[in-house]
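In the working numbering, the protein residues as written are 1 to 96.
For reference, the structure discussed in these notes is given below.
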C-alpha cells in the first residue's frame, strides 16, 4: 500500500473533478491529486462526441473530448498530480 499525504484529493476526473483540482491549486493548495479509475483523464466527457461544451468557460463550441482536453492541459499547467487506473479503497482525514 502506498501512503501519501495531499492537501486536496479529488476522486474522479470528469469536468467537476478537473475543475475542482484546478481551483484548489489556483487558490493555494500545494499538493493536489486527481484519482481516476480509468486509464485516462476526462471522465464521461470522453464519450460525449457532440458539440455544446465550453461556450461559457472557453468561449468556444467544443465536443466532450475537446472540452476534457482543455481541462487536462490546465491541470498539468498548474501542477496537479494524476493517478490513473487507480481505485480509492480507503481515505483518512488527518487534522493538525
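All C-beta atoms in this analysis are idealised placements derived from N, C-alpha and C, irrespective of residue type, glycine included.
Remember, predicted model here, so these are calculated numbers, not experimental data.
According to the DSSP secondary-structure assignment, residue 11 is paired through a beta bridge with 35. With contacts defined by Cβ atoms closer than 8 Å, residue 72 and residue 35 do not form a contacting pair. DSSP lists 62 as the beta-bridge partner residues of residue 53. The continuous stretches of beta strand (DSSP E) do not include residue 40, and DSSP gives it neither H nor E. Take residue 22, set aside five residues on each side of it, and the residues of its chain with a beta-carbon closer than 8 Å to its own are 71, 74, 75, 78, 80, in chain order. Proximity of the region 42 to 58 to the region 85 to 96 falls short of the contact definition, fewer than three beta-carbon pairs being nearer than 8 Å.
Pairing residue 30 with residue 54, the inter-Cα distance amounts to about 27 Å. In the structure shown, residue 81 adopts extended strand secondary structure according to DSSP, grouped into three states. Cα atoms of residue 50 and residue 38: separation of roughly 21 Å, rounded to the nearest angstrom.
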